[in-house]
Each structure stands twice: as structure tokens, then as C-alpha cells.
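Some notes on the structure that comes next.
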Amino acid sequence: MKTVTFKYKQVIVIRADLNMSVGKIAAQASHAAILSAEKARRIKPEWWSSWFTEGQRKIVLKVNSEDALLSVKGKAEALGLPIGLVTDMGLTELKPGTLTALGIGPAPSNLIDRVTGNLPLL
1 MKTVTFKYKQ VIVIRADLNM SVGKIAAQAS HAAILSAEKA RRIKPEWWSS WFTEGQRKIV
61 LKVNSEDALL SVKGKAEALG LPIGLVTDMG LTELKPGTLT ALGIGPAPSN LIDRVTGNLP
121 LL
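Be aware that the sequence shown starts at 1, since it is given in my numbering, and climbs by one per residue.
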């Protein structure tokens with residue numbers, strides 16, 4: 001089996017404390033992925049292009065509060081990473097304005113790991 005090394009990735013951070021349904025989580029993760037990928041394409045096109053060529057690696061992690069999500073966001077922004085914060089419209093399971101997910105990257109894996117390396121998988 002061939003070992004593949006990914007230099008770029010995208011991380012999606014989901015709020016596990018909201019007890020969203022599987023479908024809702026999928027939708028929120030999709031929103032986060034698109035928002036942060038589009039931002040990366042604008043501000044770091046070389047990161048986006050390399051990530052896209054490598055196969056668009058995505059990792060989905062979790063936090064257990066809004067404060068934790070905002071802490072991760074702040075750390076990512078401090079490193080200049082492209083992010084996409086998802087605010088729910090409140091049409092189904094959640095109240096309008098609920099922060100549900102955060103997309104980070106695509107960006108170099110080593111930079112993202114400095115922000116999310118201690119978070120558990122969803």
C-alpha cells in the first residue's frame with residue numbers, strides 16, 4: 001500500500017453540545033467547508049489549489065460549547081488561516097443566530113494542527 005502525505009487540509013469543527021441530528025450536522029459541516037474554502041480561494045489561492053490537487057482532505061472535529069468554538073476561531077485568525085463561521089438561520093432545529101460550526105482552511109496541515117491538534121474527532 002502506498003503512503004500518501006498530505007501537506008494541506010481543511011478542518012471542520014462542530015459544536016457537539018447542540019445535539020444536532022446527523023442531517024443537521026452534515027448541513028452545517030457543508031456550510032463551514034464551503035465558506036472557508038471560498039475564503040481560502042480568495043486570500044490564499046496557492047493553498048486552495050494545492051489542497052484541491054491533493055484531494056481536498058477534510059477532518060471533522062468537535063467542541064462542546066460556543067466559547068470553545070470561538071476560542072478556536074480566534075486562534076485560527078491569529079495565524080492568518082482562512083475561516084468560515086456558520087450561524088444557523090433557525091429554520092429547523094435551532095434558534096436563529098446559533099453558532100454551529102467553523103471551517104478552517106484549506107491551509108498547510110502544520111498550521112491548522114497548531115490550532116486544532118488537541119481537539120477530538122466528531
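Even for Gly, the Cβ is constructed at its ideal location relative to N, Cα and C. Only a predicted model underlies this, so the values are computations on that prediction, with no experimental measurement involved.
Residue(s) in a DSSP beta bridge with residue i
i    : result
G84  : G103
R57  : None, per the DSSP bridge assignment.
V63  : R15
L125 : Any property of residue 125 remains undetermined from this structure, which presents the chain solely from 1 to 122.
Whole-angstrom distance between residue j and residue i, CA atom to CA atom
i    : j    : result
T98  : W47  : 30 Å
G23  : P45  : 31 Å
L122 : R114 : 18 Å
T53  : V60  : 20 Å
N19  : L70  : 18 Å
T3   : G55  : 14 Å
A107 : E93  : 31 Å
L79  : K95  : 31 Å
V128 : D17  : In the structure as shown, the chain begins at 1 and stops at 122. Residue 128 is therefore absent and cannot be evaluated.
K75  : S50  : 23 Å
Q28  : T100 : 7 Å
T5   : E66  : 33 Å
Boundaries (first-last residue) of the beta strand (DSSP E) holding residue i
i   : result
V13 : 8-15
Integer Cβ distance of residue i from residue j, believed to fall under 8 Å
i   : j    : result
Q10 : R57  : 7 Å
V13 : T116 : 7 Å
L35 : G90  : About 18 Å; that fails the 8 Å criterion.
Extent of the continuous alpha helix (DSSP H) to which residue i belongs
i    : result
G74  : 66-78
G97  : No alpha helix (DSSP H) holds G97; DSSP gives it neither H nor E.
S109 : 109-116
S21  : It is not in any alpha helix (DSSP H) - S21 carries neither H nor E in the DSSP assignment.
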